[in-house]
Amino acid sequence: LFSDGRSSDGQVQRWMRGGSSLVLRRIRMTLDTWEQIDRTSRELSVGRTLDTGAPLTGTAEGDPADFEAVDEVGLPVIPPESHMARARQRNRGEAMLRRPYNYDDPPERGEISNSGLIFAAYMADPVRTYVPVQQRLAEQDALNTWTIPIGSAVFTLPPGAPEGGYVGQGLFEG
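To convert, note that position 46 of the sequence shown is 46 in this note's numbering; the numbers rise steadily by one, no gaps.
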């Protein structure tokens with residue numbers, strides 16, 4: 001049995017139908033070298049403005065990104081190698097709920113910073129959803145220069161409890 005509730009033949013187990021999976025990652029940001037590049041380069045690496053979090057084609061964090069927009073000389077406003085462009089959902093199968101949580105721990109000996117984020121992504125099928133996105137990021141993500149994955153885990157979240165039942169009840173039913 002795999003962590004996403006599938007058996008070795010790839011079938012979702014009955015007790016997992018209607019459940020979700022959680023991919024949890026701790027990603028360290030090498031702020032020492034990140035701060036050495038200019039603001040424009042940082043924003044192009046991410047695909048967002050640093051002060052508001054807005055896509056480079058918008059004004060607010062929640063604005064939709066226009067990945068087809070070009071500047072006055074014909075270059076993409078949001079570079080195709082930016083983190084935002086590489087991580088975006090390309091089809092319905094890649095739909096997931098994502099949430100980053102920043103952390104800032106005391107630096108280790110000899111280091112300036114120990115900061116980054118805990119990334120949580122909820123989805124129905126991590127193989128179909130998360131793996132293709134992660135492969136794109138591994139192939140070419142401008143942010144990779146300043147990030148170090150520290151650890152990852154995949155958790156199975158069984159479906160909600162039936163009326164009068166309890167979460168995980170399907171695990172114990174024949």
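A virtual CB, placed ideally from N, CA and C, is assigned to each residue, including glycine. Note that the coordinates shown come from a computational prediction; the quantities given were computed from them, not determined experimentally.
Based on Cα-Cα distance, which residue from the options lies nearest to residue i?
i    : options                   : result
V70  : Q89, P79 and R136         : P79
T129 : G110, T147, V154 and Q169 : V154
E35  : A121, P126 and S113       : S113
M84  : L24, L22, E163 and D141   : D141
E108 : L171, I37, R28 and T57    : R28
Is residue i helix, strand or coil when you go by DSSP?
i    : result
D38  : coil
R28  : strand
L137 : helix
F2   : Confidence at F2 is low in this model, with a pLDDT of 47, below 50, so the placement of that residue should be treated as unreliable; the coordinate-derived value is given next. F2 falls in the coil class under three-state DSSP.
R88  : coil
G183 : The chain is shown from 1 up to 174; residue 183 falls before or after that span and cannot be answered.
A142 : helix
Given a cut-off of 8 Å, decide if residue j and residue i are closer than it, judged by their beta-carbon atoms.
i   : j    : result
S41 : Y122 : no
R26 : G151 : yes
L44 : S82  : yes
W15 : P126 : no
T57 : V73  : no
From the DSSP output, read off the bridge partner residues of residue i.
i    : result
M96  : M96 is not bridged to any residue.
A121 : V23 and R98
*asked:* Three Cβ pairs or more, each shorter than 8 Å: is that satisfied between the segment 85–93 and the segment 102–117?
replied: Segments in contact, no.
*With contact counted as at least three CB pairs below 8 Å, one residue from each stretch, are the segment 93–111 and the segment 62–69 in contact?*
Not touching, per the Cβ criterion.
*Three-pair Cβ contact test at 8 Å for the segment 53–64 versus the segment 143–159*: No: the two stretches stay apart, fewer than three of their Cβ pairs being nearer than 8 Å.
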